[in-house]
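J.:
Residue numbers (full-length UniProt numbering): 1 to 560.
1) Measuring alpha carbon to alpha carbon, tell me which residue in 26, 367 and 294 is nearest residue 349.
2) Let me check understanding here. Comparing Cα to Cα, which of 46, 173 and 511 lies closest to residue 141?
3) Apart from the five residues on each side of it in sequence, which residues of its chain come closer than 8 Å, Cβ to Cβ, to residue 124?
4) Can you list, in chain order, the residues of its chain with a C-beta nearer than 6 Å to that of residue 550? Leave out the 5 residues immediately preceding and following it.
5) If I follow the unbroken alpha helix (DSSP H) through residue 498, where does it start and stop?
6) Would you kindly work out how many angstroms separate the C-alpha atoms of residue 215 and residue 422, rounded to a whole number?
7) Which residue wins for smallest C-alpha separation from residue 508, given the options 219, 428, 433 and 218?
8) Using 8 Å for Cβ pairs, my map puts residue 20 next to residue 28. What's the rounded Cβ distance?
9) Measuring straight from C-alpha to C-alpha, what distance separates residue 17 and residue 514?
10) Using three-state DSSP, classify residue 77 as helix, strand or coil.
11) With the cut-off set at 8 Å, would you say residue 308 and residue 293 are in Cβ contact?
12) Decide if residue 55 is buried, meaning its Cβ has at least 16 other Cβ atoms within 10 Å, or exposed.
13) Take residue 77 as the anchor and find which of 458, 93, 483 and 444 has the nearest alpha-carbon.
14) Grouping DSSP H, G and I as helix and E and B as strand, with all else coil, what is residue 484?
15) Name, in chain order, the residues that DSSP records as bridge partners for residue 308.
16) Would you call residue 90 buried or exposed, if buried means 16 or more other Cβ atoms sit within 10 Å of its Cβ?
17) Going by beta-carbon coordinates alone, are residue 68 and residue 75 separated by less than 8 Å?
18) What number of angstroms, rounded off, separates the C-alpha of residue 251 from the C-alpha of residue 539?
19) Give a yes or no on whether the C-beta atoms belonging to residue 543 and residue 454 are separated by under 8 Å.
20) Should residue 205 and residue 414 be called a contact, given that it needs their Cβ atoms to be closer than 8 Å?
21) Is the beta carbon of residue 273 less than 8 Å from the beta carbon of residue 331?
22) Are there 16 or more other CB atoms within 10 angstroms of the CB of residue 410, so buried, or fewer, so exposed?
23) Taking Cβ positions, are residue 278 and residue 231 nearer each other than 8 Å?
24) Please classify residue 385: does DSSP put it in a helix, a strand, or coil?
25) Name the DSSP bridge partner or partners of residue 275?
26) Let me confirm a value: residue 197 is counted as buried when at least 16 other C-beta atoms fall within 10 Å, else exposed. Which label applies?
27) Under a three-way DSSP split, which group does residue 364 fall into?
28) When the Cα atoms are used, what is the spatial distance from residue 109 to residue 49?
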């Protein structure tokens, strides 16, 4: 644990990428193999389940520190991090533990099934003997999560330096559904085993957002364009007559989309498709709100399958006839994808014709949930801009621009792939509640709740909350608003303060839908503050009806 705690301390104390990479490299060179595997797992978000809930952690920590719970809670709201608060309030210890990271994690996994009394005894035993930073890291492992600015790509770069294995190869090895409890460092990183690759996806290639003018990208003839679909990015893998569906979050989701079982036998083995899982109710592309009715469901009922079927919108092919073709130029990969789609369509038509005993026609396509993401035809950036403006009609987020000769790279790279999203929807709303932020903002009120006007039953105007947002302002604006909130608090509800309705903000969001779960009856997607409208008083803010008018007419019938 000493070495891991020291690593976390170094990573947490610097913003320099080179320092972080070197610290990780040194750690991977010195740590034992089991600790290396667990460190890779932790930094790639494969943490073990939380063995103790935060309510018990707060209660037990306040008891050990011999302070009232209310004082612990106030300290927590100021510090902004539960593990750090616990590490600070418990009396200092000058000892250090010789147990390895792996031993601690194995104990924590076993702890989940034990009684609360045993859990409490285990926490006390370790809290009392660990020094401050080890106690902080230990508690972080219990609560599950480090905000230390280390991406999986950065961790992979350091591992590549330590092992002298190519970074892209390592990124591929670390993809998929592996378990740090059962896999060794040798198996995960060092061994070459073909059978291990049967279900493995490739690392996803991610685009940067266009910040200036799209025309700054140069000659339009060098670019291909298609819609940026608003669904779940995924890879569909067909190998050895087996189907694997992976989300961009590296979750194996094959069982969640039984429609795709139809791909087996009709898509050739040795094929990996990159595409978007989209809702397809009534034979048309639905909204992300439609898709949410299936996300997170453990069991998909027949009724839900019928109500919200899904399709795969394919836009790239990464493996063809068992060969990795990611370095092949995009335009050639696209031709292979179109060839694949044509073959699937023909086989599907023949299948329908054989079953019905009729001749093959263009319409005789069985219900194969594979569709091609069509590329656009355009002669100028202005024409493409007009296509972008129509994106919401297509239930897409905007356009994807891909350089025709681009390879399929790993992670987020600038230059060849760009996302050109439509402008966000906006509404002017009133600040009504605030709470402290986290991390470096834990001493400031930076998390806000906003409201819109609505006529109540008596015909009087009242403010109804509809969204929360915590980003979009400058540090100076946050500090100024924090000072105002402290002077204009009406009531306190734990960490939340209600404030005098006074300030208006322009709130931007990507999507909108009706929702029975929200007091306003509306859910917004990715809300954030666009600007502080100091030029407006609260009576000039928008109404709830104004917000409802932004909902597409076809979506008003789709209620969560």
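In this text, a Cβ means the ideal position worked out from N, Cα and C, and glycines have one as well.
In this text the structure is predicted, and so the values were computed from the model without any measurement.
T.: In short, the structure shows the following:
1) Taking the first residue of the chain shown as position 1, residue 349 is located at position 349. Considering only alpha carbons, the answer is 367.
2) Position 141 of the chain shown, counting from 1, holds the residue named residue 141. Closest by alpha carbon: 46.
3) As a position in the chain shown, residue 124 is number 124, starting the count at 1. Within the same chain, residue 124 has close Cβ partners 60 and 64.
4) If you number the chain shown from 1, residue 550 lands on position 550. Contacts found: 425 and 512.
5) As a position in the chain shown, residue 498 is number 498, starting the count at 1. Per DSSP, residue 498 belongs to no alpha helix (DSSP H); it is in the beta strand (DSSP E), 496-499.
6) Indexing the chain shown from 1 puts residue 215 at position 215. Indexing the chain shown from 1 puts residue 422 at position 422. When rounded, the distance between both Cα atoms is 16 Å.
7) Counted from its first residue, the chain shown places residue 508 at position 508. Comparing Cα positions, the closest option is 428.
8) If you number the chain shown from 1, residue 20 lands on position 20. If you number the chain shown from 1, residue 28 lands on position 28. That pair is no contact at about 13 Å.
9) Numbered from its first residue, the chain shown carries residue 17 at position 17. Numbered from its first residue, the chain shown carries residue 514 at position 514. Between residue 17 and residue 514, the C-alpha separation is close to 43 Å.
10) As a working mapping, residue 77 is identified with position 77 in the chain shown. It is helical.
11) Here residue 308 refers to the residue found at position 308 of the chain shown. Here residue 293 refers to the residue found at position 293 of the chain shown. Cβ distance < 8 Å, so residue 308 and residue 293 count as in contact.
12) The residue you call residue 55 lines up with position 55 of the chain shown. Looking at its Cβ environment, which holds fewer than 16 other Cβ atoms inside 10 Å, residue 55 is exposed.
13) Position 77 of the chain shown, counted from the start, is the residue given in the question as residue 77. With distances taken between Cα atoms, residue 77 lies closest to 444.
14) Along the chain shown, read from residue 1 onward, the residue named residue 484 stands at position 484. In the structure shown, residue 484 sits in a helix (DSSP, three-state: H, G or I).
15) In the chain shown, residue 308 corresponds to position 308, counting from 1. Looking at the DSSP assignment, residue 308 forms no beta bridge with any residue, so it has no partner.
16) Within the chain shown, residue 90 is the residue found at index 90, counting from 1. Classification of residue 90: buried, given that the 10 Å Cβ count is 16 or more.
17) On the chain shown, residue 68 is found 68 positions in, with the first residue counted as 1. On the chain shown, residue 75 is found 75 positions in, with the first residue counted as 1. Not a contact, by the Cβ cut-off of 8 Å.
18) Indexing the chain shown from 1 puts residue 251 at position 251. Indexing the chain shown from 1 puts residue 539 at position 539. So the alpha carbons of these two residues sit roughly 47 Å apart.
19) On the chain shown, position 543 is the one that residue 543 refers to. On the chain shown, position 454 is the one that residue 454 refers to. Residue 543 places its beta carbon less than 8 Å from that of residue 454.
20) By 1-based counting over the chain shown, the position of residue 205 is 205. By 1-based counting over the chain shown, the position of residue 414 is 414. Not closer than 8 Å, so no.
21) Taking the first residue of the chain shown as 1, we reach residue 273 at position 273. Taking the first residue of the chain shown as 1, we reach residue 331 at position 331. No. Outside cutoff.
22) Taking the first residue of the chain shown as 1, we reach residue 410 at position 410. Buried, because 16 or more other Cβ atoms sit within 10 Å of the Cβ of residue 410.
23) One-based indexing of the chain shown puts residue 278 at position 278. One-based indexing of the chain shown puts residue 231 at position 231. With contacts defined as CB atoms closer than 8 Å, residue 278 and residue 231 qualify as a contacting pair.
24) Here residue 385 is taken as the residue at index 385 of the chain shown, counted from 1. Reduced to three states, the DSSP call for residue 385 is helix.
25) By one-based count along the chain shown, residue 275 stands at place 275. BP columns for residue 275 point to 234 and 314.
26) Translated into positions along the chain shown, residue 197 becomes position 197. Residue 197 comes out exposed.
27) Walking along the chain shown from the start, residue 364 turns up at place 364. Residue placement at residue 364 is flagged as unreliable, the pLDDT there being 46, under the threshold of 50; the coordinate-derived value follows with that caveat. Here DSSP, grouped into helix, strand and coil, assigns residue 364 to coil.
28) Locating residue 109 in the chain shown gives position 109, counting from the first residue. Locating residue 49 in the chain shown gives position 49, counting from the first residue. So the alpha carbons of these two residues sit roughly 7 Å apart.
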